[in-house]
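Residue numbers (the numbering used here): -2 to 111. Think of the CB as a built atom: it goes at the ideal place given N, C-alpha and C, for glycine as much as any other residue. Here the structure is a predicted model, which is why all the values come from computation and not from measurement. First comes the structure, then the notes that go with it.
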Ligand code: HEC
């Protein structure tokens, strides 16, 4: 009986661990905040005024990950151009980040993350 009881305690503990693990994917749900910022950036580019992009580059920068080493510097470069009202300069950094990181971010953490 004693052995049986211990087995039940082990099973209960295992079930608790399984339940805890099962809740992890929910916490790692797709992060659509970058996509939302991007829609605003796109609208602002079409507006033709670079300056309001500065704050959006800051918001984008904050969402970088350590593995995307140039994410921060690219964002800073975009912001610097935006502050000067240099729309073409700012747009060049959109492409730079998209070419380097867009797909990886999107599928690992962003709107298409598991
Ligand atoms: C530092 C990185 C970075 C910079 C700078 C950047 N983007 Fe993005 N962009 C992304 C990532 C990552 C995605 C994918 C987001 C997702 O789907 O989760 C994206 C997606 C987009 C999309 C698609 C949104 C959608 O509805 O799926 C547009 C449009 C866009 N960006 C426009 C811009 C414009 C315009 C600029 C510059 C003014 C810019 N981006 C600068 C990283 C960046």
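- The stretch 68 to 83 makes contact with the stretch 42 to 59: 3 or more CB pairs, one atom from each, lie closer than 8 Å.
- Judged by pairs of C-beta atoms under 8 Å, the stretch 47 to 54 touches the stretch 77 to 97, as three or more such pairs exist.
- At least one heavy atom of the ligand HEC lies closer than 7 Å to the C-beta of residue 87.
- For residue 102, the three-state secondary structure derived from DSSP is helix.
- Taking C-beta separations shorter than 6 Å and ignoring five residues to either side along the sequence, the partners of residue 84 in its chain run 47, following chain order.
- Residue 95 and residue 39 have their C-alpha atoms roughly 13 Å apart.
- Look at residue 61 here: in three-state DSSP terms it is coil, with no helix or strand label.
- Between residue 28 and residue 110, the C-beta spacing is below 8 Å.
- Inside the stretch 34 to 84, DSSP marks whole alpha helix (DSSP H) runs of 4 or more residues at positions 50 to 58, 68 to 80, from first to last along the chain.
- With a threshold of 16 other beta carbon atoms within 10 Å, residue 6 falls short and is exposed.
- Rounded to the nearest angstrom, the Cβ distance from residue 54 to residue 86 is 12 Å, too far for a contact under 8 Å.
- If you draw a 10 Å sphere on the C-beta of residue 9, you find fewer than 16 other C-beta atoms in it, and that means exposed.
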